[in-house]
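> If you count the sequence shown from 1, position 71 lands on 70 in numbering that gives the first Met the number 0, and the numbers rise without skipping. Right, I'll just put the structure down here and ask away after.
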Amino acid sequence: MACGVRVTRDSTNYENRKSYQVLMANQRKVAVLIGSLRRESFTRKVANALIKLAPPSVVLEIVDIGGVSLYNQDLEPSAPRDWLALRDKLRAADAVLFATPEYNRSVPGVLKNAIDVASRPRESNAFNGKPGAVISVSPGVLSGFGANHHLRQMLVFLNVPTMQQPEAYIGGAAKLFDESGNLTNDSTRQFLQNFVDSFARWIELILAGNR
Ligand code: FNR
């Protein structure tokens with residue numbers, strides 16, 4: 000669904016989100032991987048909006064992937080510390096949210112690299128079985144569809160049960176935020192609310208099935 004799609008439910012803004020350190024009982028930890036390092040990234044702004052809109056059953060935390068060394072299989076016997084830290088953070092999460100821009104009709108290298116690092120060694124793939132969701136963001140009209148679906152292809156191999164609906168393609172992203180990075184578009188806010196609420200339900204469904 001594009002950002003202009005309207006949903007009928009009321010949106011609830013859960014401001015001042017908790018971090019992993021102050022989880023309430025039964026809250027699910029969601030690691031958020033963002034495929035942009037740009038200071039004014041629209042994708043990061045969308046992720047920040049989702050963090051604020053998330054219902055109390057989930058806590059979304061952005062995992063920094065900008066410092067993750069390039070993947071090189073030769074380094075596995077003494078893996079770089081930043082690889083181990085990323086793998087640990089993802090293993091500690093209950094679920095993963097991927098927020099990505101589109102670079103040349105695919106995902107940016109920084110996100111692909113983080114996925115490759117966290118997916119290895121193969122027998123301890125940090126994503127294995129974790130519920131996931133994908134949201135693509137672009138200033139253009141195609142809304143990152145290509146990146147969104149390349150990512151979904153990877154998630155099949157990584158055994159990430161990925162939420163199918165609502166699909167989330169956020170286009171026209173340059174027009175959605177004010178100068179402080181706050182979301183100003185009401186229909187996008189309603190769409191994101193439905194997306195993150197649906198993801199919270201998806202997480203419970205998948206984790207119940209994993210028990
Ligand atoms: C882009 N951009 C772009 N946009 C798009 O919709 N489809 C595409 O295939 C590409 N390809 C592409 C390649 C490279 C190398 C760059 C730098 C940019 C434009 C891109 O969507 C835009 O720069 C966004 O603002 C990037 O997302 P963030 O950083 O704002 O989150």
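For every residue, glycine included, the Cβ atom is placed at its ideal position computed from N, Cα and C.
Use the C-beta contact count for N71: other C-beta atoms within 10 angstroms, 16 or more gives buried, fewer gives exposed.
Translated into positions along the sequence shown, residue 71 becomes position 72. N71 should be labelled exposed.
> Suppose you measure from the CA of A167 to the CA of E122; what does that come to, to the nearest Å?
Within the sequence shown, the letter at position 168 stands for residue 167. Within the sequence shown, the letter at position 123 stands for residue 122. Using only the alpha carbons, I get a separation of about 31 Å.
> Is Y102 close to the ligand FNR? I mean its beta-carbon at under 6 Å from any heavy atom of the ligand.
As a position in the sequence shown, residue 102 is number 103, starting the count at 1. At least one heavy atom of the ligand FNR is nearer than 6 Å to the Cβ of Y102, so yes.
> Using alpha carbons as the reference points, say which of V155, I169 and V109 lies closest to G131.
Translated into the one-based positions of the sequence shown, residue 131 becomes position 132. Ranking the options by Cα distance to G131, first place goes to V155.
> Quick check: does the Cβ of S137 come within less than 6 Å of any heavy atom belonging to the ligand MG?
With respect to the ligand MG, the structure shown offers nothing to examine, as its ligands consist of the ligand FNR.
> In terms of residue numbering, what span does the alpha helix (DSSP H) encompassing K111 cover?
If you number the sequence shown from 1, residue 111 lands on position 112. K111 -> alpha helix (DSSP H) spans G108 to A117.
> Can you tell me where the beta strand (DSSP E) with A30 in it begins and where it stops?
The residue given as residue 30 occupies position 31 in the sequence shown. Looking at the DSSP string, the run of the beta strand (DSSP E) that includes A30 is R27 to I33.
> Rounded to whole angstroms, what is the Cα-Cα separation between Q20 and Q152?
The residue labelled residue 20 in the question sits at position 21 within the sequence shown. The residue labelled residue 152 in the question sits at position 153 within the sequence shown. No answer about Q20 holds up, because its pLDDT of 47 lies below 50 and its placement is not dependable.
> Using 7 Å as the threshold, is the C-beta distance between L49 and V106 below it?
For this step, residue 49 is matched to residue 50 along the sequence shown. For this step, residue 106 is matched to residue 107 along the sequence shown. No, Cβ-Cβ distance for L49 and V106 is not below 7 Å.
> Pull the bridge partners of M61 from the DSSP assignment, please.
As a first step, residue 61 must be located in the sequence shown, where it is residue number 62. Note on identity: in this sequence residue 61 is Ile, with Met being the wrong assignment. I61 pairs with V31.
> For F97, verify whether its CB is less than 6 Å away from any heavy atom of the ligand FNR.
Start at 1 with the first residue of the sequence shown, and residue 97 comes out as number 98. Checking every heavy atom of the ligand FNR against the Cβ of F97, none is found closer than 6 Å.
> Per the contact definition of three or more C-beta pairs closer than 8 Å, is the stretch 126 to 145 in contact with the stretch 157 to 167?
Short answer: they touch.
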